[in-house]
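K.L.:
Structure in structure tokens, see below.
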Amino acid sequence: MEVYDGEFITELEAIAKRIRRHCIKMIYEAGSGHPGGSLSAADILAALYFHILRHDPKRPDWPDRDRFVMSKGHAAPALYAVLAEAGYFPLDELSSLRKLGSRLQGHPCMQKTPGVEMSTGSLGHGLAAGNGMALAAKLDRKLYRIYVLCGDGEMDVGETWEAAMLAAHYKLDNVTVYVDRNKLQLDGPTENIMSLEPLSDKWKAFGWHVIEINGHNMREIIHATNEARGVKGKPTVIIAHTIKGKGVSYMEGALHFHGKAPSKQEYEIAMKELGGDKP
Amino acid sequence: MKWKEESQRKQYGRALVELGKERSDIVVLDADLSSSTRTADFAAAFPERFFNCGIAEQNMMDTAAGLAASGKTVFVSTFAVFGTGRCYDQIRQSIAYPNLNVKIVVSHAGITVGGDGASHQIVEDIALMRVLPNMTVIVPADAVETYKVVKHVAKMKGPVYVRIGRSDVPTISDQASEFELAKAPVVRDGKDVTLIGCGIMVSKCLEAADELTKHGIDARVVNLHTIKPIDEKTIVKAARETGGVVTAEEHSVMMGMGSAVAMVLVENFHVPMKRVGIPDVFGESGACDELMSKYGLTVDNIVEAAHDVLKRKK
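Those protein sequences? They're chains P and H, same order as listed. Sequential numbering of the first sequence, starting at 0, is according to numbering that gives the first Met the number 0. Sequential numbering of the second sequence, starting at 0, is according to numbering that gives the first Met the number 0.
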């Protein structure tokens, strides 16, 4: 197991916190959006863009780059925040989210936003698209890897499992999926809406290497991803146990913040809790 | 019948294999129907660039999108009914919206599927595809044109829908002429009325034109192979010069080729018009010719429509 010094981990955690602040600010200014699932994914995104991915924000079309597909497209604010932090476009632009003429659409659009690898928003498409990229990598004998972030609600979607079968069938060991297991979907707890458990056994049965982690722990995110990189002949899924709305006390585990912007007062509290209102 | 009948699917398979030889970026996907769609020919020649996705069309379309996003030119095939309605959201979200380089070439469109019945006879696919922004929609008239279309669309950027049939169809186009996108060939000149067909109905329009000659009527026939973008110029010119239009398609009259032509005429040049096509109903099992007859897709139906238009012209 690689050892990461405390300073490096602290730096990633600080980036994740900045992503969370951006998300709250963007959604507050837009007046709509999905804070809960953006906050639950912030740590994974920080780890991806500031440690895991081989990428170059100055060359979004670099052919050998690793690809990241945000299958849970409603977490677009978190994706835009990390892309801006990484330098794909100016941080100032974040405040244009959901506004007319903006490059930052309510859900990711690969035609408009530098760094967005696939247009998403309709749930359950991302893994299959990631598989296509992985097949292309194998055909071209390229070493780039594909990372896909799915929401746990997307485990309801039949296509997710079609894609899971395809990835295993074609031995796509260059694919790593993170399941943002925040256990809430729009209408309620996942287990009340459509039971997913035993989720890990399902993926195993589909031929995947399965790792379960705390999705808010940087070391665990990085270690699991490193482990995935070493797995040959099969794809890996990292079931990341997370808390919806993580980082803002009144949003944590709060169903109604799946797709609702904070009020002015809520915004101020959130920014304070996340360490200041000047991201 | 004065023409040789040939399989569009066979020419699709042939064109794909040639493309595979010419270009390494060509990748083909199918959903457990490769022996029927003839992508199996490509699979045999280039097994490493063919991916069978199983009976999972939604997954296939998104996989195609991912391949296209990584620089591949992707041909995706299955039956028309499964390659459109069954995976419409995937085509919309992941192929049309991001304008990706995916060519959806589907066979077994329309009622000439025959015995399989309505579950397999899609008569609404042109409608579904033509409303998608960025999507090009092509219905080749015969096997020769199918070959040319496949070679042509491989050079285009962006999503394309190509609709072919199950049955052998009369070859009315010649080998020599080049396929031009959105340029509808006038396959028979005439001055009294214009018959606009697509797919298998182009040959029926030509037969109808011969029939009309016996009544002293000189019909023009247009092969409207590209439904979108539509060749407004040729349509309006034909309407202006002949004063009446009949459209004929193996598709529902709701929002198919005939509707597209009607929109052009309504906005540009008003002439009497009649749409020959499948009425707003589902098909059923039967032999191809029986079905064509029952659902109003015969030469006689076109002749009758032409007479109706001519009557209204006066």
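Glycine included, each C-beta is placed from N, C-alpha and C at the ideal position. Since this is a predicted model, take the numbers as computed values, not measurements.
1. H:Gly320: which of H:Leu18, H:Gly12, H:Val27 and H:Lys236 sits nearest, CA to CA?
2. Please state if the CB of H:Val130 and the CB of H:Tyr160 are separated by a distance shorter than 8 Å.
3. Quick check: is the beta carbon of P:Asn191 nearer than 8 Å to any beta carbon in chain H?
4. Please work out which residues of its chain come closer than 7 Å, Cβ to Cβ, to H:Gly257, disregarding the five sequence neighbours upstream and downstream, and give them in chain order.
5. Per DSSP, what kind of secondary structure is H:Arg359 in: helix, strand or coil?
6. Should P:Gln104 be labelled buried (16 or more other beta-carbon atoms within 10 Å of its own) or exposed?
7. Is it buried or exposed, P:Leu90, if we count other Cβ atoms within 10 angstroms and call 16 or more buried?
8. Is it a yes or a no for the segment 33-42 of chain P touching the segment 134-144 of chain P, going by three-plus beta-carbon pairs under 8 Å?
9. Listing by chain order, which chain H residues have their CB less than 7 Å from the CB of P:Asn130?
10. Check whether the segment 109-121 of chain H and the segment 72-83 of chain H are in contact - that is, three or more C-beta pairs closer than 8 Å.
11. Does the beta-carbon of P:Met217 have 16 or more other beta-carbons within 10 angstroms, so that it is buried, or is it exposed?
12. Under three-state DSSP, which class holds H:Ser118?
13. Within 10 angstroms of its Cβ, does P:Pro278 collect 16 or more other Cβ (buried), or is it exposed?
14. In terms of alpha-carbon separation, which member of P:Gln184, P:Trp207 and P:Leu195 lies closest to P:Leu165?
15. With H:Pro184 as the anchor, note down where its alpha helix (DSSP H) starts and where it stops.
16. Roughly how many angstroms lie between the CA atoms of H:Ala14 and H:Ala286, to the nearest whole one?
17. Would the beta-carbon of H:Ala396 fall within 8 Å of that of H:Val298?
18. Can a CB atom of chain P be found closer than 8 Å to the CB of H:Tyr87?
19. In this structure, does DSSP put H:Phe45 in helix, strand or coil?
20. Just the chain P side, please: which residues come within less than 8 Å of H:Lys227 by C-beta, in chain order?
21. Would you list the one or two residues that DSSP bridges to P:Ala239?
22. Might you give, ordered along the chain, the residues of its own chain that have their beta carbon closer than 6 Å to the beta carbon of H:Gly12, omitting 5 neighbours on each side?
23. Taking the continuous alpha helix (DSSP H) assigned at P:Ser199, which residues delimit it?
24. Grab me the residues of P:Ile14's own chain with a C-beta within less than 7 Å of its C-beta, minus the 5 sequence neighbours each way, in chain order.
25. Please compile the residues from chain P whose C-beta is within a distance smaller than 8 Å of the C-beta of H:Glu47.
26. Is P:Gly5 close to chain H? Criterion is C-beta to C-beta, closer than 8 Å.
27. Does the CB of H:Gln366 have a neighbour CB from chain P at under 8 Å?
28. Quick check: P:Lys245 and P:His222, are their CB atoms within less than 8 Å of each other?
29. The beta strand (DSSP E) that contains P:Ile8, what's its start and end?
30. For P:Ser109, would you say it is in contact with chain H, using Cβ-to-Cβ distances shorter than 8 Å as the test?
31. For H:Asp61, does the count of other Cβ atoms within 10 angstroms reach 16, so buried, or fall short, so exposed?
32. Under 8 Å, do H:Glu4 and H:Pro169 count as touching if we go by C-beta distance?
33. Within 10 angstroms of the Cβ of P:Gln184, are there 16 or more other Cβ atoms? Answer buried if so, exposed if not.
34. Thinking just about the alpha-carbon of each residue, which of H:Ala64, H:His107, H:Tyr87 and H:Lys312 is nearest to the one in H:Ser34?
35. Report yes or no: is there a C-beta of chain P within less than 8 Å of the C-beta of H:Ala68?
36. Do H:Asp141 and H:Thr72 come within 8 Å of each other at the CB atom, strictly closer than that value?
P.N.:
So, to answer that:
1. What is shown of chain H runs 0 to 313, which leaves residue 320 of chain H out entirely.
2. By 1-based counting over the second sequence, the position of residue 160 of chain H is 161. By 1-based counting over the second sequence, the position of residue 130 of chain H is 131. Not a contact, by the Cβ cut-off of 8 Å.
3. In the first sequence, residue 191 of chain P corresponds to position 192, counting from 1. No, its Cβ sits nowhere closer than 8 Å to a Cβ of chain H.
4. As a working mapping, residue 257 of chain H is identified with position 258 in the second sequence. These residues qualify, in order along the chain: Thr246, Glu248, Arg274 and Gly276.
5. Given that chain H is displayed from residue 0 to residue 313, the structure contains no residue 359 of chain H and the question cannot be resolved.
6. In the first sequence, the residue the question calls residue 104 of chain P occupies position 105. Answer is buried; the Cβ neighbour count reaches 16.
7. Locating residue 90 of chain P in the first sequence gives position 91, where the first residue counts as 1. It counts as exposed.
8. no
9. If you number the first sequence from 1, residue 130 of chain P lands on position 131. Under the 7 Å cutoff, chain H gives Thr62 and Gly65.
10. Yes, they touch.
11. The residue labelled residue 217 of chain P in the question sits at position 218 within the first sequence. The residue in question, P:Met217, is buried, as its Cβ has 16 or more Cβ neighbours within 10 Å.
12. Position 119 of the second sequence, counted from the first residue, corresponds to residue 118 of chain H. Assigned with DSSP and collapsed to three states, H:Ser118 falls in coil, not helix or strand.
13. Here residue 278 of chain P is taken as the residue at index 279 of the first sequence, counted from 1. Note on P:Pro278: pLDDT 44, under 50, position unreliable in the model; no value is reported.
14. Counting from one through the first sequence, the residue named residue 165 of chain P turns up at place 166. Among P:Gln184, P:Trp207 and P:Leu195, the Cα nearest to that of P:Leu165 is on P:Trp207.
15. The residue you call residue 184 of chain H lines up with position 185 of the second sequence. Careful: H:Pro184 lies outside any alpha helix (DSSP H) and carries neither H nor E.
16. Counting from one through the second sequence, the residue named residue 14 of chain H turns up at place 15. Counting from one through the second sequence, the residue named residue 286 of chain H turns up at place 287. If you take the alpha carbons of H:Ala14 and H:Ala286, they lie about 29 Å apart.
17. Given that chain H is displayed from residue 0 to residue 313, the structure contains no residue 396 of chain H and the question cannot be resolved.
18. Taking the first residue of the second sequence as 1, we reach residue 87 of chain H at position 88. H:Tyr87 does not count as touching chain P.
19. As a working note, residue 45 of chain H is residue 46 in the second sequence. In the structure shown, H:Phe45 adopts coil according to DSSP, grouped into three states.
20. For the purposes of this step, residue 227 of chain H is taken as the residue at position 228 of the second sequence. Within 8 Å Cβ-Cβ: nothing; H:Lys227 doesn't reach chain P, min ~20 Å.
21. Locating residue 239 of chain P in the first sequence gives position 240, where the first residue counts as 1. Answer by DSSP bridge pairing, in chain order: P:Asp179 and P:Ile212.
22. As a working mapping, residue 12 of chain H is identified with position 13 in the second sequence. Around H:Gly12: Arg37 and Asp40.
23. Numbered from its first residue, the first sequence carries residue 199 of chain P at position 200. Counting along the chain, the alpha helix (DSSP H) containing P:Ser199 begins and ends at Leu198 to Ala204.
24. For the purposes of this step, residue 14 of chain P is taken as residue 15 along the first sequence, with counting starting at 1. Within the same chain, Cβ atoms closer than 7 Å to the Cβ of P:Ile14 are found at Ala45, Phe49 and Glu84, the five residues on either side in sequence being excluded.
25. Taking the second sequence and counting its residues from 1, the one referred to as residue 47 of chain H is at position 48. Here the neighbours are Leu138.
26. Sequence index remark: in the first sequence, residue 5 of chain P carries index 6 (1-based). Taking Cβ atoms only, chain H never reaches closer than 8 Å to P:Gly5, which makes this a no.
27. Here chain H has residues from 0 to 313 only, and residue 366 of chain H is not among them.
28. One-based indexing of the first sequence puts residue 245 of chain P at position 246. One-based indexing of the first sequence puts residue 222 of chain P at position 223. Contact flag unset, no.
29. Within the first sequence, residue 8 of chain P is the residue found at index 9, counting from 1. Taken as a continuous stretch (DSSP letters only), P:Ile8 belongs to no beta strand (DSSP E), being part of the alpha helix (DSSP H) at Gly5 to Ala29.
30. Working through the first sequence from its first residue, we reach residue 109 of chain P at position 110. Reading off the sequence, residue 109 of chain P comes out as Met, not Ser. P:Met109 has a beta carbon lying within less than 8 Å of a beta carbon in chain H.
31. Along the second sequence, one-based indexing puts residue 61 of chain H at 62. Counting of Cβ neighbours within 10 angstroms places H:Asp61 among the buried residues, the total reaching 16 or more.
32. What you label residue 4 of chain H is simply residue 5 of the second sequence in a count that begins at 1. What you label residue 169 of chain H is simply residue 170 of the second sequence in a count that begins at 1. A contact, by the Cβ cut-off of 8 Å.
33. Walking along the first sequence from the start, residue 184 of chain P turns up at place 185. By the neighbour-count rule (16 or more Cβ atoms within 10 Å), P:Gln184 is buried.
34. Counting from 1 along the second sequence, the entry for residue 34 of chain H is found at position 35. When each option's Cα is compared against that of H:Ser34, the closest is H:His107.
35. Position 69 of the second sequence, counted from the first residue, corresponds to residue 68 of chain H. Taking Cβ atoms only, chain P reaches closer than 8 Å to H:Ala68, which makes this a yes.
36. For the purposes of this step, residue 72 of chain H is identified with residue 73 of the second sequence, where counting begins at 1. For the purposes of this step, residue 141 of chain H is identified with residue 142 of the second sequence, where counting begins at 1. Not closer than 8 Å, so no.
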